[in-house]
Amino acid sequence: MSVNIRDKIGKLNRPHRRKVEGRAAEIIAEEMSLRDLRKARKLTQARVAKVLGVTQDSVSRLEKRSDLLLSTLRKTVKAMGGDVRIVAEFRDRAPVVLSDLSEEAPPRKPPRKRAQPMPKRRLSVGAIDS
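First residue of the sequence shown: 3, per the working numbering; consecutive thereafter.
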């Protein structure tokens with residue numbers, strides 16, 4: 003005989019049921035795609051596209067990508083009203099929030115000036131004779 007989870011939760015007392023439902027919501031919220039996140043924020047692709055200054059089709063393609071630049075992810079999440087934090091997790095220690103990943107790329111150093119070659123001079127025959 004199979005057990006229906008809805009029946010099981012329905013038999014719990016109200017405080018316990020709220021606790022279970024709250025934890026379920028936390029677990030679901032821990033892992034979402036960009037599309038799921040956008041929908042949870044009740045935003046349309048068109049609205050996010052407008053904030054980002056791109057087309058709706060670009061947002062659609064972005065949501066389907068599996069590999070994004072960190073800057074693109076930040077901009078997209080910021081357009082939804084959020085911020086991105088990168089967390090490193092290890093088995094032998096508590097999670098660590100990486101703080102050295104600045105929001106904007108550090109300013110680039112200006113290229114070093116290369117020594118300019120000496121301009122070639124044409125010597126006139128008269129300059130040699132004098």
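By construction, the Cβ of each residue, glycine as well, lies at the ideal position given by its N, Cα and C atoms.
Reduced DSSP category for residue i - H, G, I as helix; E, B as strand; rest coil
i: L14; result: coil
i: E23; result: helix
i: L100; result: strand
i: R95; result: strand
i: V61; result: helix
i: V50; result: helix
i: V79; result: helix
Beta-carbon spacing of residue i, residue j below 8 Å
i: V99; j: R87; result: yes
i: K77; j: L54; result: yes
i: M82; j: R40; result: yes
i: R19; j: I11; result: yes
i: S60; j: A51; result: yes
i: L103; j: L75; result: no
Enclosing alpha helix (DSSP H) for residue i [first to last residue]
i: D38; result: L36 to A42
Residue i - partner residues in DSSP beta bridges
i: I88; result: L100
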